[in-house]
Amino acid sequence: MTIEPLLLDKEGITIDDLVTVARSTREVGVSSAGEGRVARTSALIERWVKEKRVIYGITTGFGALCNVTISEKDTRRLQENILMSHAAGVGNPLPETVVRAIMALRVHDLCLGYSGCRMETIRYLLAFLNHGVTPVVPEKGSVGASGDLAPTAHLGLVLIGKGEAFYRGNRIPGSEALDQIGLAPLALAAGEGLALINGTQVMTAIGALVVNDAVRLSKMADIACAMTLEVLMGSNSEFDPRIHQIRPHPGQLVTADNMLRLTEVSEIITSHEGCARVQDAYTLRCAPQIHGASKDAVAHARRVIDIEINSTTTNPLIFPETEEVRLGGNFHGQPVAMAADYLSMGLAELGSVSERRIERLVNPQLSELPAFLIKQGGINSGFMIGQYAAAALVSENKVLAHPACVDSIPTSANKEDHVSMGTIAMRQSREILTNVESVIAIELLCAAQAYDLLTETRQLMAGKGTREAYRVIRRHVPYMAQDRELYKDMETMLNVLRSGEILDAVEAAVGRIKVVG
Numbered sequence: 003m004t005i006e007p008l009l010l011d012k013e014g015i016t017i018d019d020l021v022t023v024a025r026s027t028r029e030v031g032v033s034s035a036g037e038g039r040v041a042r043t044s045a046l047i048e049r050w051v052k053e054k055r056v057i058y059g060i061t062t063g064f065g066a067l068c069n070v071t072i073s074e075k076d077t078r079r080l081q082e083n084i085l086m087s088h089a090a091g092v093g094n095p096l097p098e099t100v101v102r103a104i105m106a107l108r109v110h111d112l113c114l115g116y117s118g119c120r121m122e123t124i125r126y127l128l129a130f131l132n133h134g135v136t137p138v139v140p141e142k143g144s145v146g147a148s149g150d151l152a153p154t155a156h157l158g159l160v161l162i163g164k165g166e167a168f169y170r171g172n173r174i175p176g177s178e179a180l181d182q183i184g185l186a187p188l189a190l191a192a193g194e195g196l197a198l199i200n201g202t203q204v205m206t207a208i209g210a211l212v213v214n215d216a217v218r219l220s221k222m223a224d225i226a227c228a229m230t231l232e233v234l235m236g237s238n239s240e241f242d243p244r245i246h247q248i249r250p251h252p253g254q255l256v257t258a259d260n261m262l263r264l265t266e267v268s269e270i271i272t273s274h275e276g277c278a279r280v281q282d283a284y285t286l287r288c289a290p291q292i293h294g295a296s297k298d299a300v301a302h303a304r305r306v307i308d309i310e311i312n313s314t315t316t317n318p319l320i321f322p323e324t325e326e327v328r329l330g331g332n333f334h335g336q337p338v339a340m341a342a343d344y345l346s347m348g349l350a351e352l353g354s355v356s357e358r359r360i361e362r363l364v365n366p367q368l369s370e371l372p373a374f375l376i377k378q379g380g381i382n383s384g385f386m387i388g389q390y391a392a393a394a395l396v397s398e399n400k401v402l403a404h405p406a407c408v409d410s411i412p413t414s415a416n417k418e419d420h421v422s423m424g425t426i427a428m429r430q431s432r433e434i435l436t437n438v439e440s441v442i443a444i445e446l447l448c449a450a451q452a453y454d455l456l457t458e459t460r461q462l463m464a465g466k467g468t469r470e471a472y473r474v475i476r477r478h479v480p481y482m483a484q485d486r487e488l489y490k491d492m493e494t495m496l497n498v499l500r501s502g503e504i505l506d507a508v509e510a511a512v513g514r515i516k517v518v519g
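The working numbering puts the first residue of the sequence shown at 3, with every later residue one more than the last.
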């Protein structure tokens, strides 16, 4: 079956669309309608340059140099200069998946027809996506206002045969990458250099991938919590819908429902009904309230990203219907920055509460299980240091969750006197997400080990969803009878979590694990 190319100019591009482009080799293209929009605006730019109209960034300098008028003969040189001078990024390259998402978003924005970029330039970006050329883009250097100028300038350099790119696993000069796919260096037209770099595509691309993975992670947090609840002899009565309907936060409602379905028909839970324990610890009993608030944070970030990926964030804006130019500030990343900081806090809390459940699992005074979930303690340390690793990651997240958007350092001779730091905020979200994935993976390992220890003498069946999670875990990681290299188990568990195998098996048994929105 032939899969049709994904048209990047379509109305209502989704996060799923973007993830598909970023993480697969699906062909991309632009519709004839999109080409028409691009042609109308680029023709206007060409005419205005000949008429010697003064238009910011097209026939003037940039930022604090906006009062410098550029002659017609120098407009092309101006666009090349902006790429070279603004390519001042530092640090490790962004992952290739992120850069592919950036290029897809840039194509989408340009094809909305407000920038004046030519179709020829857009076709180069499409060729990069379809033939596997990924510009090397340093991850640091953007302040998130006037767009993600530094990183996107690195992307644009490859179009003109400069900079560097990844191609078939090799890092090569931009000119060589163009030659590999049969393209000559592009000669930019008036306004195109600015159109290529002015926008929020870097922070938005990172955000789209983080939100996509955060949805999965929030589901996995519920699964891990449900497993821990069972082996710590907790109750699922605290998930009674009546409790949550009288405090109906969306995330709280869906988490309580998830927990009930995951632990449905659990013989472990029913085995201790009527015991002396009155209430479970907050990390178990308040899972709907804690996990639910994090789900609400993820849902908010998703709404913001949905809007941003379907927006034009360049400047100046060309309105071809009325042949007008408007200077605005759609490039300012504040909406994305604030959503990123909120998302960071939500994700960090999923890791924080998970680490406290890990502590309850490995602490015999709290679990009534063998210390550190291993027999012959002393000669064996079991999962002792797994909890250390989780604690380290959670502590690191406390620093990373400090909001980036509240810190602004003016740039461009104080012309840009408030900036968003949105790309920093989204990079922090991505790092926190990665850390929390490892914490949840450790909790899953500990919960599966505890299940084996708990049921060693009593054959009790886990809940409808938790037993499926346990089965998948044991397909990949065996029971730990004595110490072995723990990092290998942790790496395996992390890869299984990311693969979606546990989630697929659980959802096949209990239905969709719900999120908000």
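Think of the CB as a built atom: it goes at the ideal place given N, C-alpha and C, for glycine as much as any other residue.
Note that the coordinates shown come from a computational prediction; the quantities given were computed from them, not determined experimentally.
Original post:
Would the stretch 219-238 and the stretch 194-209 be scored as touching if the rule is three or more Cβ pairs under 8 Å?
Top reply: no
Original post:
With respect to the alpha helix (DSSP H) encompassing V327, which residues constitute its N-terminal and C-terminal limits?
Top reply: Taken as a continuous stretch (DSSP letters only), V327 belongs to no alpha helix (DSSP H), being part of the beta strand (DSSP E) at E326 to R328.
Original post:
Which residue from L352, R249 and S34 puts its Cα closest to that of I292?
Top reply: L352
**OP:** Could you round the C-beta distance between V338 and G149 to whole angstroms and report it? I think they count as a contact, below 8 Å.
**Re:** At roughly 11 Å, the Cβ-Cβ gap does not stay under 8 Å, so V338 and G149 are not in contact.
Original post:
According to the Cβ coordinates, are T206 and E310 closer than 9 Å?
Top reply: yes
Subject >> E178 to Y126 span [Cα, whole Å] >> reply: 14 Å
**OP:** Out of V217, P7 and G184, point me to the one whose CA is closest to R500's CA.
**Re:** Nearest C-alpha to R500: V217.
Original post:
Just checking my contact of I225 with V508 at CB under 8 Å: how many whole Å lie between their CB atoms?
Top reply: Yes, I225 and V508 are in contact; Cβ-Cβ is about 6 Å, under 8 Å.
Subject >> Local conformation of R460 per DSSP, three classes >> reply: coil
Subject >> Per-residue DSSP class, three states only, for C153 >> reply: The sequence shown places Pro at residue 153, rather than the Cys named in the question. The answer is helix: DSSP assigns P153 an H, G or I state.
**OP:** With DSSP as the reference, label R304 as helix, strand or coil.
**Re:** helix
**OP:** Could you spell out the range, first to last residue, of the beta strand (DSSP E) harbouring T136?
**Re:** Here the beta strand (DSSP E) through T136 covers V135 to P137.
**OP:** Flag this pair as yes or no: are the beta carbons of A524 and D19 separated by less than 9 Å?
**Re:** The chain is shown only over 3 to 519; residue 524 falls outside these bounds and no answer can be derived.
**OP:** Leaving aside the five residues before and after G535 along the sequence, list all residues of the same chain whose C-beta is less than 6 Å from its C-beta, in chain order.
**Re:** As shown, the chain starts at 3 and ends at 519. That puts residue 535 outside it, with no answer to give.
Original post:
Should Y390 be labelled buried (16 or more other beta-carbon atoms within 10 Å of its own) or exposed?
Top reply: exposed
Original post:
Hey, which unbroken runs of the alpha helix (DSSP H) at 4 residues or more fall wholly within the stretch 473-501?
Top reply: 488-501
Subject >> Where K12 sits in the DSSP three-state scheme >> reply: coil
Original post:
What three-state label does DSSP hand V145 in the structure shown?
Top reply: If DSSP states are grouped into helix, strand and coil, V145 belongs with coil.
Subject >> Integer-rounded CB distance, given that A471 should sit under 8 Å from I504 >> reply: 5 Å
**OP:** Entirely within the stretch 79-115 and at least 4 residues each: give me those alpha helix (DSSP H) ranges in chain order.
**Re:** Scanning the stretch 79-115 for uninterrupted alpha helix (DSSP H) segments of 4 residues or longer gives 98-113, listed from N- to C-terminal end.
**OP:** Pull up the distance between the alpha-carbon of P424 and that of L496, whole angstroms please.
**Re:** Per the sequence presented here, residue 424 reads as Gly, with Pro not at that position. The alpha-carbon atoms of G424 and L496 are separated by roughly 28 Å.
Original post:
For the candidate residues I515, R244 and A449, whose alpha-carbon lies nearest to that of G236?
Top reply: A449
Original post:
R49 lies in the alpha helix (DSSP H); which residues open and close that run?
Top reply: S34 to K52
**OP:** Spell out the partners DSSP gives E166 in its beta bridges.
**Re:** P175
Subject >> Cβ-based burial, N238 [other Cβ within 10 Å; buried from 16] >> reply: buried
**OP:** Kindly list the residues whose CB is nearer than 7 Å to the CB of E398, restricted to its own chain and excluding five residues on each side of it in sequence; keep chain order.
**Re:** Once the five neighbours on either side are set aside, the close Cβ partners of E398 are N437.
**OP:** Output yes or no for whether 9 Å exceeds the beta carbon distance between L107 and T123.
**Re:** The Cβ-Cβ distance between L107 and T123 does not fall below 9 Å.
Original post:
To the nearest angstrom, how far is it from the Cα of D491 to the Cα of G184?
Top reply: 45 Å
Original post:
Roughly how many whole angstroms lie between the Cα atoms of R33 and H251?
Top reply: Correcting the residue type first, residue 33 is Ser in the shown sequence and not Arg. Distance between the alpha carbons of S33 and H251: 42 Å.
**OP:** Determine the extent of the alpha helix (DSSP H) in which I225 is found, giving its start and end residues.
**Re:** Note, I225: alpha helix (DSSP H), Q203 to V233.
Original post:
Considering only residues of the same chain and omitting the five flanking positions on each side of I426, which have a CB-CB separation below 6 Å?
Top reply: Within the same chain, Cβ atoms closer than 6 Å to the Cβ of I426 are found at A406, the five residues on either side in sequence being excluded.
Original post:
What do you reckon, are the CB atoms on S414 and K297 nearer than 9 Å?
Top reply: In this structure, K297 does not lie closer than 9 Å to S414 by Cβ.
**OP:** Give a yes or no on whether the C-beta atoms belonging to D215 and K516 are separated by under 9 Å.
**Re:** No. Outside cutoff.
Original post:
Out of curiosity, what's the CA-to-CA distance linking V139 and E370?
Top reply: Approximately 51 Å between the Cα atoms of the pair.
Subject >> CB contact flag (V306, A350, <9 Å) >> reply: no
Subject >> First and last residue of the uninterrupted beta strand (DSSP E) at I320 >> reply: L319 to F321
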